[in-house]
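Novice: Heads up: the sequence shown runs through residues 361 to 1088, numbered per my numbering. Virtual Cβ for every residue (Gly too), placed ideally from N, Cα, C.
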Amino acid sequence: MSTLRFQALKETLNRKPVQIDETLRRSELFGKNVFNETVMRQFLTKEAYQSVVDANIKGTKISRVIADHISTGMKEWAISKGVTHYTHWFQPLTGSTAEKHDAFFETIGDGLAIEKFAGSQLVQQEPDASSFPNGGIRNTFEARGYTAWDPTSPAFIYGTTLCIPTVFVSYTGEALDYKTPLLRALQTIDQAATDVAKYFDKNVTKVTATLGWEQEYFLIDSALAASRPDLQLSGRTLLGHSPAKGQQLDDHYFGSIPSRVLSFMRDLEIESMLLGIPVKTRHNEVAPNQFELAPIFEEANLAVDHNSLLMDVMDKVAERHNFKVLFHEKPFKGINGSGKHNNWSLSTDTGVNLLGPGSTPMKNLQFLTFFINTIKAVHDNEELLRATIASASNDHRLGANEAPPAIISAFIGSQLTAVLDELEKVTDGKLSPQEKTDLKLNVVGKIPEILLDNTDRNRTSPFAFTGNKFEFRAVGSTANCASPMTVLNTIVAKQLIEFKKSVDSLVKDKKMKKDDAIFNVLREYIKKSKKIRFEGDGYGDAWQEEAAKRGLSNNKTTPLALQAQVSKKAIALFEEMGVMNKRELVARHEIELEDYSMRIQIEGRILGDIARNHVIPTAIRYQNILIENVRGLKEIFESDFEKHSKEQLSIIKEISNHIENINADVTDMIEQRKRANVIEDAEKRAFAYCDDVKPFFEKIRYHCDKLELLVDDELWPLTKYRELLFTR
Ligand code: ADP
Ligand code: MG
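1. Once the 5 residues before and after Thr405 are set aside, which same chain residues still bring their CB inside 7 Å of it?
2. Would you grab the beta carbon distance between Phe450 and Ala458 for me? Rounded to a whole angstrom, and I think it's under 8 Å.
3. Is Lys441 buried or exposed, if buried means 16 or more other CB atoms sit within 10 Å of its CB?
4. Flag Gly572 as yes when its Cβ comes closer than 7 Å to any non-hydrogen atom of the ligand ADP, and as no otherwise.
5. Which of helix, strand or coil does DSSP assign to Tyr1062?
6. Quick one: measure Cβ to Cβ for Pro541 and Thr826, integer angstroms, because I've assumed they're closer than 8 Å.
7. Would you decide whether His643 is buried or exposed? Buried here means 16 or more other CB atoms lie within 10 Å of its CB.
8. Check whether the stretch 547 to 557 and the stretch 831 to 839 touch, using three or more Cβ-Cβ pairs below 8 Å as the test.
9. Run the proximity test for Ala557: is its beta-carbon closer than 7 Å to any non-hydrogen atom belonging to the ligand ADP?
10. For my contact list, Leu945 and Ile931 are in at a C-beta cut-off of 8 Å; report their separation, rounded to the angstrom.
11. DSSP three-state label for Tyr506, please.
12. Are Leu522 and Phe492 closer than 8 Å when you measure CB to CB?
13. Tell me whether Thr978 is buried or exposed, calling it buried when 16 or more other Cβ atoms sit within 10 Å of its Cβ.
14. What residues in its chain sit with their C-beta under 6 Å from that of Thr548, if we drop five residues either side in the sequence?
15. Any chance the stretch 583 to 591 sits against the stretch 1045 to 1065, with 3 or more Cβ pairs inside 8 Å?
16. Should Glu576 be counted as a contact of the ligand ADP given a C-beta to heavy atom distance under 7 Å?
17. Which residue marks the beginning of the beta strand (DSSP E) containing His701, and which one marks its end?
18. Roughly how many angstroms separate the alpha carbons of Glu1040 and Glu954, rounded to a whole number?
19. Quick one: measure Cβ to Cβ for Met446 and Ile380, integer angstroms, because I've assumed they're closer than 8 Å.
20. Answer with buried or exposed for Glu645, where buried requires no fewer than 16 other C-beta atoms within 10 angstroms of its C-beta.
21. Can you tell me whether Ala1036 is buried or exposed? The criterion is at least 16 other CB atoms within 10 Å of its CB, across all chains shown.
22. According to DSSP, Ser530 sits in a beta bridge with which residue or residues?
23. Could you check whether the Cβ of Ala654 sits closer than 7 Å to any heavy atom belonging to the ligand ADP?
24. According to DSSP, Arg893 sits in a beta bridge with which residue or residues?
25. Among the candidates Ala427, Thr467, Thr526, Ala583, whose CA atom is the shortest distance from the CA of Ser480?
26. So the beta strand (DSSP E) Gln650 belongs to, where does it begin and stop?
27. What residue range is occupied by the uninterrupted alpha helix (DSSP H) comprising Leu920?
28. Going straight from the alpha carbon of Leu780 to that of Leu758, what length do you get?
29. So the alpha helix (DSSP H) Gly433 belongs to, where does it begin and stop?
30. How would you call Phe501, buried or exposed, if buried means at least 16 neighbouring beta carbons within 10 angstroms?
31. Where does the unbroken alpha helix (DSSP H) through Arg948 begin, and where does it stop?
32. Cutting at 7 Å between CB atoms, please list the residues of its own chain near Ile1011, excluding the five before and the five after it.
33. Hey, Trp1076 and Glu1068: beta-carbon distance below 8 Å or not?
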């Protein structure tokens, strides 16, 4: 009998929900471990507090002297809450968060010690993090990388450590993390959007990009997960036959939450509250054991930090509940995968959501301006947008006939389609007073203020307008939201700058009125960006054909998709907008290719190991039982033994056939891996892994899964899909 699997099952079945003590209200818990406004007022001098606020709003620098005040205040607050260490907390390009703890403790001679945290330690650190991916920017022997405080994201306490959100850059100032380019992009969109928003309201001085992510994930009992080497090491199952029951009954979606899971969620929510992560919704997702969590949206930089932090907290809280969280985009074949929808909008310091339709025609013209410019930006940069969400794990979703396809398109719903169709007919040049009145009454004035409940939902679209925001749905569940947010904000910023140029020039050179000019430019954008708009079924084959006819990209694999990241056009765009330079882009490209190759390499190794060392020996053991049985039958029945052992003999042959195939395929796969490994060029190597190694996965899996169906259940060593998905 396969002991590990049955032990794990037994352990799982005996589990009880962990009791969660929830005496304080959520609102009381919220932000208790965050160095927020309230705490700052209490622990900082007026001057120091004002300096942080200014850095936040105006981006002004904080002086060294003030930094000393701030660090002292922070330390006092932290120590009052039992904190012993501090760390610069950052997001290197590995995809997870990084921290290196230092104690406040310092000796001062004569056997004495104090608690110390200087301004310089708050502002900057050299973590000697030479092993993080840097794509050649930072040779370990030459230049140091350092972390620098990001005062726009508040420090927080996790456990007994004070965490200070920082950027991670090379000594020469190049970005080695996710946050640096994001901050640059957010600054760019602020400027560009503020300039355009001023057309409609002179009082606007700042525009903030907002992000509300939705995190999907699977929860698997930790004992069951530990019984599967593939889940342990790659985060997904590399083999396993589909269970008789999957998600076809849709009985999990929005169903009642299993009690152990609910305990986990409540525990997680309490932790999130303390950290100031405003989590709001929780529910079951489509697949069995799949769930979702979403917060109230926040300023994009903070939202990105909060998502990274949350993923880390989820892992830790899950341990207490004997769960393993699977963030992978496709942990189970044949079962829905996980995404991380990025809801995005722009909001002014006067409190207006620029993607929210308003109550007057003027407000709606403002809405249409930002709405149409976003669509135009997506149209012009669809391939870059696709590149930003490319990863080995997300390839299983995009382009695999589920979730959104690898083709980027925008869905806007029938009401707004009708509005754009009308606007497309606007006169070229100056508009007559009659036309303007008509437009105001019948088109712009007719957009209902609350589109939210009226917009038809299209779940198959990768980029959908959902009433007062765009929802980028193709983002993968493991992704750091900073990448898609950097690109989206950069392309929209670029677009808004062009828009303003065109409008200003019509006003100046063609002597047009401002609203005439705006209508004229928008009309052209609607015409030019038509091909990106798609209202139909994004999963169907018909769309693949139609999209090809329209000339939209359909990059189904990561190495292919990533090319757009370093195209001439992309480099020019990022450099012009001051978001990333060529060196940074090329480095990132290389890191992502490298990551891709390594992931496929690791999966290949695990699969080879499981197939040869777990599956084949088990199959042989079962085959021997059958052979024994046939021998016995022969002994008893002699002459008509063939008749009685027909089935057994055919299974024996079938098993041999599968074993032979697995063995041959594993040998060939290893051969291809060897070939790929010696390729110097990172891109060529990634293509080799994609085109020559990866195709073996399905072949090997096919035979292993067939064996799973043949072999005695008692002998099968790997916890089965039905057990992973339905035991809790
Ligand atoms: P679903 O897509 O699951 O139906 P909703 O569309 O209601 O859910 O909202 C999902 C997310 O959208 C939430 O995280 C919410 O905070 C976010 N959201 C709402 N308004 C905005 C906005 N203006 N900017 C960014 N995110 C927003
Ligand atoms: Mg959503």
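Specialist: With the given structure in hand:
1. Locating residue 405 in the sequence shown gives position 45, counting from the first residue. These residues qualify, in order along the chain: His429.
2. In the sequence shown, residue 450 corresponds to position 90, counting from 1. In the sequence shown, residue 458 corresponds to position 98, counting from 1. Contact flag correct, Cβ pair sits at about 5 Å.
3. Along the sequence shown, one-based indexing puts residue 441 at 81. Exposed, by the Cβ-count rule.
4. Indexing the sequence shown from 1 puts residue 572 at position 212. Checking the Cβ of Gly572 against the ligand ADP gives yes.
5. For the purposes of this step, residue 1062 is taken as residue 702 along the sequence shown, with counting starting at 1. Helix.
6. Translated into the one-based positions of the sequence shown, residue 541 becomes position 181. Translated into the one-based positions of the sequence shown, residue 826 becomes position 466. So it is not a contact: roughly 26 Å between Cβ atoms.
7. Counting from 1 along the sequence shown, the entry for residue 643 is found at position 283. Exposed, since its Cβ has fewer than 16 Cβ neighbours within 10 Å.
8. no
9. Taking the first residue of the sequence shown as 1, we reach residue 557 at position 197. Every heavy atom of the ligand ADP is 7 Å or more from the Cβ of Ala557, so no.
10. Position 585 of the sequence shown holds residue 945. Position 571 of the sequence shown holds residue 931. Indeed, because the Cβ distance is near 6 Å, the residues count as touching under 8 Å.
11. Within the sequence shown, residue 506 is the residue found at index 146, counting from 1. Residue state, collapsed to three classes: strand.
12. One-based indexing of the sequence shown puts residue 522 at position 162. One-based indexing of the sequence shown puts residue 492 at position 132. Not in contact: Leu522 and Phe492 (Cβ atoms no closer than 8 Å).
13. Position 618 of the sequence shown, counting from 1, holds the residue named residue 978. Thr978 should be labelled buried.
14. Your numbering for residue 548 matches position 188 in the sequence shown. Excluding positions up to five away in sequence, the list reads Ala853, Met937.
15. no
16. For this step, residue 576 is matched to residue 216 along the sequence shown. Flag unset: Cβ of Glu576 not near the ligand ADP.
17. Taking the first residue of the sequence shown as 1, we reach residue 701 at position 341. First-last of the beta strand (DSSP E) with His701: 700 to 708.
18. As a first step, residue 1040 must be located in the sequence shown, where it is residue number 680. As a first step, residue 954 must be located in the sequence shown, where it is residue number 594. Roughly 11 Å between the two C-alpha positions.
19. Residue numbering aside, residue 446 sits at position 86 when the sequence shown is read from its first letter. Residue numbering aside, residue 380 sits at position 20 when the sequence shown is read from its first letter. Here residue 446 turns out to be Tyr, not Met, going by the sequence shown. Contact doesn't hold; Cβ gap of about 29 Å is too wide.
20. Translated into positions along the sequence shown, residue 645 becomes position 285. By the neighbour-count rule (16 or more Cβ atoms within 10 Å), Glu645 is buried.
21. Taking the first residue of the sequence shown as position 1, residue 1036 is located at position 676. Burial call: buried.
22. Walking along the sequence shown from the start, residue 530 turns up at place 170. Looking at the DSSP assignment, Ser530 forms a beta bridge with Gly505.
23. For the purposes of this step, residue 654 is identified with residue 294 of the sequence shown, where counting begins at 1. Flag set: Cβ of Ala654 near the ligand ADP.
24. Working through the sequence shown from its first residue, we reach residue 893 at position 533. Bridge partners of Arg893: Ala770.
25. Here residue 480 refers to the residue found at position 120 of the sequence shown. Per the Cα distances, Ala427.
26. Indexing the sequence shown from 1 puts residue 650 at position 290. Taken as a continuous stretch (DSSP letters only), the beta strand (DSSP E) holding Gln650 covers 650 to 655.
27. Sequence index remark: in the sequence shown, residue 920 carries index 560 (1-based). From DSSP, the alpha helix (DSSP H) with Leu920 extends over 918 to 922.
28. Here residue 780 corresponds to residue number 420 of the sequence shown, with the count starting at 1. Here residue 758 corresponds to residue number 398 of the sequence shown, with the count starting at 1. Their backbone Cα atoms lie some 29 Å apart in a straight line.
29. To locate residue 433, count along the sequence shown from 1; it is residue 73. Run containing Gly433: 424 to 440, per the alpha helix (DSSP H) assignment.
30. Here the question's residue 501 lines up with position 141 in the sequence shown. Here Phe501 scores only 44 on pLDDT, less than 50, and its place in the model should not be relied on; the value that follows carries that caveat. Looking at its Cβ environment, which holds fewer than 16 other Cβ atoms inside 10 Å, Phe501 is exposed.
31. Taking the sequence shown and counting its residues from 1, one reaches residue 948 at position 588. It spans 942 to 970 - the alpha helix (DSSP H) in which Arg948 sits, taken as one unbroken run.
32. Residue mapping note: residue 1011 aligns to position 651 of the sequence shown, counting from 1. For Ile1011, where only same-chain residues beyond five positions count, the Cβ hits under 7 Å are Leu986, Leu1070.
33. As a first step, residue 1076 must be located in the sequence shown, where it is residue number 716. As a first step, residue 1068 must be located in the sequence shown, where it is residue number 708. Their beta carbons are under 8 Å apart, which means Trp1076 touches Glu1068 by this criterion.
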